[in-house]
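Engineer:
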Amino acid sequence: MTTQQNSWTEMAGRMKFDGRALINGERVSAVSGQTFECNSPVDGRYLAAVARGDAADIDAAVKAARAAFEDRRWAGLSPRSRKQIMVRFADLILAHKDELALTETLDMGKPIRNARATDVNACANTIRWYGEAIDKIYDEIAPTSDSALALITREPVGVVGAIVPWNYPMLMASWKIAPALASGNSVVLKPSEKSPLTALRLAELALEAGIPPGVFNVVPGFGHEAGNALSLHMDVDCIAFTGSTRVGKLIMVNAGQSNLKRAWTELGGKSPNIVCADCPDLDRAVASSIGSIFYNQGESCNAPSRLFVERSIKDAFIERALALMPKYAPADPLADDTVMGALVDRTQLDTVMRYIDAGRKEGAKVLSGGEQARAETGGYYVAPTLFDGVLNDMTIAREEIFGPVLSVLAFDTVEEAIQQANQTIYGLQAGVWTRDINKAHRIARALRAGTVHVNQYDEDDITVPFGGYKQSGNGRDKSLHAIDKYTELKTTWIGLE
Ligand code: NAD
Numbered sequence: 011m012t013t014q015q016n017s018w019t020e021m022a023g024r025m026k027f028d029g030r031a032l033i034n035g036e037r038v039s040a041v042s043g044q045t046f047e048c049n050s051p052v053d054g055r056y057l058a059a060v061a062r063g064d065a066a067d068i069d070a071a072v073k074a075a076r077a078a079f080e081d082r083r084w085a086g087l088s089p090r091s092r093k094q095i096m097v098r099f100a101d102l103i104l105a106h107k108d109e110l111a112l113t114e115t116l117d118m119g120k121p122i123r124n125a126r127a128t129d130v131n132a133c134a135n136t137i138r139w140y141g142e143a144i145d146k147i148y149d150e151i152a153p154t155s156d157s158a159l160a161l162i163t164r165e166p167v168g169v170v171g172a173i174v175p176w177n178y179p180m181l182m183a184s185w186k187i188a189p190a191l192a193s194g195n196s197v198v199l200k201p202s203e204k205s206p207l208t209a210l211r212l213a214e215l216a217l218e219a220g221i222p223p224g225v226f227n228v229v230p231g232f233g234h235e236a237g238n239a240l241s242l243h244m245d246v247d248c249i250a251f252t253g254s255t256r257v258g259k260l261i262m263v264n265a266g267q268s269n270l271k272r273a274w275t276e277l278g279g280k281s282p283n284i285v286c287a288d289c290p291d292l293d294r295a296v297a298s299s300i301g302s303i304f305y306n307q308g309e310s311c312n313a314p315s316r317l318f319v320e321r322s323i324k325d326a327f328i329e330r331a332l333a334l335m336p337k338y339a340p341a342d343p344l345a346d347d348t349v350m351g352a353l354v355d356r357t358q359l360d361t362v363m364r365y366i367d368a369g370r371k372e373g374a375k376v377l378s379g380g381e382q383a384r385a386e387t388g389g390y391y392v393a394p395t396l397f398d399g400v401l402n403d404m405t406i407a408r409e410e411i412f413g414p415v416l417s418v419l420a421f422d423t424v425e426e427a428i429q430q431a432n433q434t435i436y437g438l439q440a441g442v443w444t445r446d447i448n449k450a451h452r453i454a455r456a457l458r459a460g461t462v463h464v465n466q467y468d469e470d471d472i473t474v475p476f477g478g479y480k481q482s483g484n485g486r487d488k489s490l491h492a493i494d495k496y497t498e499l500k501t502t503w504i505g506l507e
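Under this note's numbering, the first residue of the sequence shown is numbered 11, with each subsequent residue one higher.
1. Could you tell me the distance, in whole angstroms, from the CA atom of V392 to the CA atom of L161?
2. Using a Cβ distance threshold of 8 Å, determine whether the segment 77-94 contacts the segment 165-174, with at least three qualifying pairs required.
3. Pick out whichever of R30, S17 and A188 has its Cα sitting closest to the Cα of I472.
4. Would you say the segment 403-414 touches the segment 274-282, given that touching needs at least three Cβ pairs under 8 Å?
5. Quick check: does the Cβ of P201 come within less than 7 Å of any heavy atom belonging to the ligand NAD?
6. Suppose the cutoff is 6 Å on Cβ atoms and the five residues either side in sequence are ignored; what does the same chain contact list for A190 look like?
7. For R486, name the three-state secondary structure that DSSP assigns.
8. Count the other CB atoms, across all protein chains shown, that sit within 10 Å of the CB of A100; report buried if there are 16 or more and exposed otherwise.
9. Please list the terminal residues of the continuous beta strand (DSSP E) segment that includes I173.
10. Sorry if obvious, but does the Cβ on I261 come closer than 7 Å to a heavy atom of the ligand NAD?
11. So the candidates are G301, Y140, H106 and K120; which of them puts its Cα closest to the Cα of R211?
12. Taking the continuous alpha helix (DSSP H) assigned at Q94, which residues delimit it?
13. Going by the C-beta, is H234 closer than 7 Å to any heavy atom of the ligand NAD?
14. Please classify R24 as buried or exposed, where buried requires at least 16 neighbouring CB atoms within 10 angstroms.
15. Specify the secondary structure class of C133 as computed by DSSP and reduced to three states.
16. What I want to know is whether the C-beta of F304 ends up closer than 7 Å to one or more non-hydrogen atoms of the ligand NAD.
17. In chain order, what residues of the same chain have a beta carbon less than 6 Å from the beta carbon of L268, not counting five sequence neighbours either side?
18. Go ahead and pull the three-state DSSP assignment for A190.
19. Out of curiosity, what's the CA-to-CA distance linking R452 and G194?
20. Does S157 come out as helix, strand or coil in the three-state DSSP assignment?
21. What residues in its chain sit with their C-beta under 6 Å from that of P115, if we drop five residues either side in the sequence?
22. Taking only the alpha-carbon atoms, compute the straight-line gap between P51 and D117 and give it to the nearest angstrom.
23. Please state whether DSSP places R76 in a helix, a strand or coil.
Below you can see the structure in the form of structure tokens.
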């Protein structure tokens with residue numbers, strides 16, 4: 011055990027978590043008094059009793075958010091003032107980096123080094139970026155005739171409900187709350203019941219930064235209770251959802267069945283990654299493809315889980331991939347050199363193992379992994395798994411597994427690869443590797459996905475939109491495009507004499 015690991019372990023032992031909701035600037039228990047237990051997937055340890063919010067708590071939070079919006083305590087501030095407060099919020103997140111990273115790791119199992127380097131930094135950066143952007147966005151005057159002036163202005167939609175998953179709890183929350191808050195809305199956030207703790211801390215830090223009470227509320231609870239109530243609420247103007255395609259459909263139904271609130275969804279993926287024989291550097295293609303599917307234990311919506319390799323280089327690709335597998339062996343998430351942590355819970359572990367069984371039964375061949383690991387710790391770990399001989403209609407190539415499982419499919423022609431890559435209900439991301447620039451553009455244009463990576467799979471930045479085609483959802487998180495989701499466009503005609 012290293013000194014650093016010792017200190018993470020010691021710090022983890024000392025941490026105490028407050029699982030109560032945060033409504034109208036106050037920590038409160040659920041109206042029903044009910045709680046649920048939050049345990050760590052790292053080793054099964056108990057973390058906190060978390061408020062089991064339901065319709066009553068959601069209603070209280072929405073009322074607080076509405077009151078804050080109506081009296082303009084936040085929306086009425088100048089963009090510059092909102093910017094200053096959001097920048098302070100981002101600074102506070104960084105000031106609490108170790109605490110937030112450790113909370114995230116304990117709550118959902120990812121390696122501490124990733125929680126620190128990626129999740130906390132990216133969350134703070136998102137809050138800062140939208141804060142800094144908001145006093146630089148101008149409205150428009152339409153090119154109408156001289157008899158009138160037409161102003162096109164943006165206004166906040168009002169009360170935004172946000173529902174987020176557990177794979178990047180803080181980061182997914184920030185992708186919603188940052189553009190929503192920057193544009194002057196009030197927010198009610200429902201984090202996943204599997205990882206509620208960092209969202210609650212974020213709301214405390216927001217208050218400390220100066221975001222007024224009632225503007226940013228967090229209600230933990232289960233999806234079918236708190237989440238359902240939020241998406242059905244008659245006084246929520248917009249619901250921003252990240253999660254599974256199955257629940258995304260329910261969100262759209264709930265929005266339609268209630269007040270026709272704007273419903274934005276970021277959903278699942280089964281991203282294809284096409285490696286052509288003329289890829290510029292096979293070692294780099296292998297390292298990036300393997301690194302991207304196994305990052306975050308494979309629990310990434312954009313994970314390149316279907317690897318299409320041109321048949322002539324498949325053996326060479328697989329040989330190099332197998333050589334890398336030991337690096338991704340699951341280990342203690344609190345150790346600084348760990349790259350593969352725990353899956354979020356027992357249910358997810360069982361789901362992943364069921365898919366691995368299905369892959370075997372349908373005729374694919376496990377070349378590496380395929381079994382549970384570190385069971386003695388009381389946590390939920392799966393060895394990174396590589397399947398060869400996968401066909402595009404097998405269950406493991408069709409359905410999102412959300413675990414460290416890679417399916418390798420061979421192709422002979424680019425047309426065949428494109429056709430199979432697009433043969434999916436999803437359209438979140440895709441990759442292509444070739445040194446031929448014309449071929450790269452041709453394939454990139456043909457792939458039906460919100461993001462296409464060429465000769466890398468790892469680039470990411472807050473400046474680019476993120477979202478999907480088809481059943482991967484609608485709307486876009488990140489970049490200035492996200493502001494569209496949280497603002498209404500108003501036209502004001504002014505008659506001129
Ligand atoms: P999930 O759909 O089960 O849950 C997501 C959230 O929805 C949770 O907060 C949950 O409590 C809530 N929820 C569940 N049932 C609900 C209901 N009936 N009404 C309202 N809310 C409800 O997803 P998950 O397992 O937490 O997350 C994994 C999924 O998220 C994967 O499919 C992944 O691809 C997707 N995801 C997508 C993106 C993206 O940007 N496209 C990013 C991250 C994760």
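Glycine included, C-beta positions come from ideal geometry on N, C-alpha and C.
Structural biologist: For this structure:
1. 57 Å
2. yes
3. A188
4. yes
5. yes
6. V170, V197 and Y496
7. coil
8. buried
9. V169 to I173
10. yes
11. H106
12. P89 to A105
13. yes
14. exposed
15. helix
16. no
17. Just to set this straight, residue 268 is Ser in the shown sequence, not Leu. Excluding residues within five positions, the ones whose Cβ falls inside 6 Å are L242 and M244.
18. helix
19. 41 Å
20. coil
21. Rather than Pro, the amino acid found at residue 115 in this sequence is Thr. Here the set comprises I122, A125 and P343.
22. 7 Å
23. helix
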